[in-house]
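Going line by line, the protein sequences match chains A and B.
Under my numbering, the first residue of the first sequence carries the number 1, and numbering increases by one thereafter.
Under my numbering, the first residue of the second sequence carries the number 1001, and numbering increases by one thereafter.
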Amino acid sequence: MAVSSTLRIAWRNLGRNRKRSLLALSAIAIGQFAFLAVAALMNGYGDDFLDSATGPLVGHIQVHAHEWRDERSIDLVMENVDAMLAEIRSDPDVAHASARIYAPVLAALTEDGFMSVVVGIDPEAEAHDSGLLPAGTPRGSLGEGSVLVGRGFARKYDIVPGMELAVVGQDVDGSIASGLFTVADSIGSSVEIVNSLGIVMTLDDARDLLAMSEDAHEIVIHVRNSDVIDDAVSRLSAAPTLAGSEVLPWREVVPQIVAMIGMIDAFLMIVLGVVFIAAAAGIANTMLMSTFERTHEFGMLLSLGCGPGRLARMITVEAVMLGLVGVGIGSALGLVFLLATSQTGLDYAALGGGDTYEVAFKGIQMTTLVHPRLYASDVAAGVVAVFLTSLLSVIWPIVRIVRLEPMEAIRT
Amino acid sequence: MNEVLVDVRDVRKDFHVGKITVNALRGLDLEVRKGDFLAIVGPSGSGKTTLLNLIGALDVATGGVVSVFGQDLSTLSRRRRAHLRLTSLGFVFQAYNLVPVLTALENVEFVLELQGAGSERREAAMSVLDELSLGELSGRRPNELSGGQQQRVAVARAVAAKPRLVLADEPTANLDSENAEALLRMMRGLRDEHDMTFVFSTHDPLVMSYASRVVTLRDGRVISDEQKNSDAHEHRRAN
């Protein structure tokens, strides 16, 4: 079996100069490990980012009155929202749909006022993992003058449950809107506007405050599977009750986040490029040195009648074997890193000696605690990259071998 | 008269070293006949190795004709010359030249594999080693063998595919006399039992004493061609 003997010779040749083979293996393994570690961190960060983006604030699909997104004017409302919600919820791909009202107001505990935002929600419709009031958040006391406030907002103004909050703003007719609400509790939210400015109340309380009827500013939709977003957008756009509104996928709502995810992918490609270079340098150096050292041996094999093709195959198998063993070790190290960090997470802030903290980007709160994630495609990308690099790195040695004349080689 | 296996006619070979041209062979004529145990001797630079390389289709003559088994080598492509080496010629080099990562058995087996032998090649390789009393060394790699053992394995590899002609370039140069004699006896046995033809280039008087024919070169030409009694060596040893 020519194949098995070629494999055997290639494998044993790797052991001829162990130091050099180990150095090349280390370069490849470290490259693959670095790629997987960076990919895992970036995936974790990107996925958290995406989950946050398509989570409570933006959802998978949004419905608004035209121009509301640009102007955020309180009177740009959608009417007959209940009928719209009924039609949206009848779509088989829609998992959750909830209407929201947003209104900037001035809030006051005593005589000092501060900037705030009323967020009107339907507590039942928001009670899911991607809703504004996920499981565990106190919502039972919402309604009839009772509100929740964002945790950051509460901390900043020393608001505690039981306090009365005076709210003054402008209703949809342009008249003064005012009301007195009791703080039921504070809530932590990944939605920055809720966390730092939010006074969360029921849709009914918000409508009473702002003189709205069956109106809302926004409907946030979560579909069952992110692959069907575009299909759902097409169907909903054609729905009769939504005809006067804009129906947008999340990518159009927050293009900055799409750009950021694109940037993460580009960054990964750069790291993959570095792995390519490290692997290419390691393998090419090893194979070149190896073929130069073995010129005499190749001459002898050519003298025996071994064809240059067979020699080229031996060298190629050797290089691919070196690359794949290296990438295998690197992948194993990457998986160990993933196992060690995916559950507990890796805190960027802690690495710098600080505490975990949250930052906001485009209204979405991100934590410095990242849970690394790897996909099979990441490992495969490294393996394919190193495999191709192995093939590329033997081109020169093979060209040299093919040109060898037996006697010239033997004299070497 | 035995069949002519190699016919070298008016062969010239020039090497260019910078601006200098070295005339290694200058119109050399030689016939190698079936069953020859031929030693090509001569001082360094006389053209022994060059001649061997031309006969072995490892190099191409500058002028003249080198015919091996009736084929004019100058008409053969690189691939055809490689095929000729693989199927009809055996080589033994001065430095043992075994593949260092293969065992003795695998080295012999490798040549059979190159020839396209199937699953029977391991058995065939082992049988060659056994025939040459090298069976015990079959699992050892070259670095675990002495110089003499390595050269005997190299001979086993050269003859494994039963080539008609075996070319050996100074095969005893790195061996002590005991190992050299063992090697020569082995090769003589192969010639007698398998009808092979051997051509050596050598400086070694021991090789000459075993040879059935000694051709002496000087300055790229044959200056003497002595046919000896093939049993002369045994006769001398017996006395």
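All residues carry an ideal CB built from backbone N, CA and C; glycine is no exception.
The structure displayed is predicted, hence computed values, not measured ones.
Of all Cβ atoms in chain B, is any one closer than 8 Å to the Cβ of residue i?
i                : result
VAL399 (chain A) : no
SER303 (chain A) : yes
ARG16 (chain A)  : yes
SER5 (chain A)   : yes
MET269 (chain A) : no
GLY307 (chain A) : yes
MET407 (chain A) : yes
GLU297 (chain A) : yes
MET260 (chain A) : no
MET289 (chain A) : no
MET300 (chain A) : yes
MET314 (chain A) : no
When you compare only the Cα positions, how much space is there between residue i and residue j?
i                 : j                 : result
ASN1239 (chain B) : SER1209 (chain B) : Bear in mind that the predicted position of ASN1239 (chain B) carries a pLDDT of just 39, short of 50, making it too unreliable to give a figure here.
SER303 (chain A)  : HIS296 (chain A)  : 11 Å
LEU1244 (chain B) : PRO406 (chain A)  : There is no way to answer for residue 1244 (chain B), as the model of chain B reaches only from 1001 to 1239.
ALA992 (chain B)  : ARG16 (chain A)   : Outside the shown range of chain B, which is 1001 to 1239, sits residue 992 (chain B), and nothing can be said about it.
ARG1079 (chain B) : GLY307 (chain A)  : 8 Å
TRP250 (chain A)  : SER130 (chain A)  : 14 Å
VAL399 (chain A)  : LEU288 (chain A)  : 11 Å
PHE1091 (chain B) : LEU14 (chain A)   : 27 Å
LEU311 (chain A)  : GLY299 (chain A)  : 10 Å
ALA1180 (chain B) : ALA1211 (chain B) : 13 Å
VAL1011 (chain B) : PHE1110 (chain B) : 34 Å
ASN1107 (chain B) : ALA1057 (chain B) : 22 Å
HIS1016 (chain B) : VAL1068 (chain B) : 26 Å
LEU50 (chain A)   : ALA409 (chain A)  : 60 Å
ARG69 (chain A)   : ALA103 (chain A)  : 13 Å
ALA266 (chain A)  : PHE337 (chain A)  : 22 Å
LEU339 (chain A)  : SER5 (chain A)    : 38 Å
ARG1141 (chain B) : SER1088 (chain B) : 26 Å
VAL1222 (chain B) : GLY1027 (chain B) : 9 Å
8 Å is my cut-off, CB to CB: does residue i come that close to chain A?
i                 : result
ALA1082 (chain B) : yes
ASN1023 (chain B) : no
ASN1107 (chain B) : no
ASN1179 (chain B) : no
PHE1198 (chain B) : no
PHE1110 (chain B) : yes
HIS1235 (chain B) : Low confidence applies to HIS1235 (chain B): its pLDDT is 40, below 50, so where it sits in the model is not reliable enough to give any reading.
Just grab the DSSP bridge partners of residue i for me.
i                 : result
GLU246 (chain A)  : A:HIS64
THR1021 (chain B) : B:HIS1016
ALA108 (chain A)  : A:GLY113 and A:ALA166
ASP1007 (chain B) : B:GLU1031 and B:SER1067
GLN32 (chain A)   : GLN32 (chain A) pairs with nothing; no bridge assigned.
GLN1227 (chain B) : B:ARG1213
ILE221 (chain A)  : A:ILE61 and A:ALA97
MET78 (chain A)   : A:ALA216
ALA103 (chain A)  : A:VAL118
VAL1101 (chain B) : DSSP lists no partner for VAL1101 (chain B).
LEU1112 (chain B) : DSSP, once it has assigned bridges, lists no residue as partnering LEU1112 (chain B).
PHE1091 (chain B) : B:LEU1167
Apart from the five residues just before and just after residue i, which ones in its own chain have a Cβ nearer than 6 Å to its Cβ?
i                 : result
GLY949 (chain B)  : Chain B is shown from 1001 up to 1239; residue 949 (chain B) falls before or after that span and cannot be answered.
ALA1232 (chain B) : With a pLDDT of only 49 at ALA1232 (chain B), under the threshold of 50, the placement of this residue in the model should not be trusted, and no figure is reported.
GLY143 (chain A)  : THR202
ALA1158 (chain B) : GLY1090, PHE1091, VAL1092 and VAL1166
ARG1085 (chain B) : ALA1057
PHE33 (chain A)   : GLY330, LEU333 and GLY334
ARG418 (chain A)  : Residue 418 (chain A) cannot be examined here, being either before or after the span of chain A that is shown, 1 to 412.
VAL1022 (chain B) : PHE1015
In its own chain, which residues sit with a C-beta less than 8 Å from the C-beta of residue i, not counting the 5 before and 5 after it?
i                 : result
ASN1174 (chain B) : GLN1094, ALA1095, TYR1096, GLY1147 and GLN1151
GLY145 (chain A)  : GLY179, LEU180, PHE181, THR182 and ASP205
SER226 (chain A)  : THR54 and HIS60
ALA24 (chain A)   : GLY282, ILE283, ASN285, THR286, LEU322 and GLY326
ALA278 (chain A)  : ALA27, ILE28, ILE30 and GLY31
ALA40 (chain A)   : GLY334, PHE337, LEU338, THR341, SER342, PRO372, ARG373, LEU374 and ASP378
Within a Cβ cutoff of 7 Å, which residues of the same chain sit near residue i, ignoring the five residues on either side of it in sequence?
i                 : result
SER1214 (chain B) : The sequence given here places Val at residue 1214 (chain B); Ser does not occur at that position. Cβ neighbours of VAL1214 (chain B) beyond the five flanking positions: ALA1039, VAL1041, MET1208, GLU1226 and LYS1228.
ARG1009 (chain B) : ASP1029, GLY1064 and VAL1065
ALA37 (chain A)   : GLY334 and PHE337
Original post:
What residues from the region 1112-1139 of chain B come within 7 Å of chain A, judged by C-beta to C-beta, listed N to C?
Top reply: GLU1113 and LEU1114
Original post:
Quick one, which residues of the region 1050-1063 of chain B are near chain A if we go by CB-CB under 8 Å, in chain order?
Top reply: ASN1053, GLY1056, LEU1058 and ASP1059
Subject >> Interfacial residues, the region 7-31 of chain A to chain B, with Cβ spacing under 7 Å >> reply: ILE9, ARG12, ASN13 and ARG16
**OP:** Please name the residues in the region 1085-1106 of chain B whose beta-carbon is closer than 9 Å to at least one beta-carbon of chain A, in chain order.
**Re:** ARG1085, LEU1086, THR1087, LEU1089, GLY1090, PHE1091, PHE1093, ALA1095, ASN1097, LEU1098, VAL1099, PRO1100, VAL1101, LEU1102 and GLU1106
**OP:** Taking only beta carbons into account, state which residues of the region 1015-1040 of chain B come closer than 7 Å to chain A, listed in chain order.
**Re:** none
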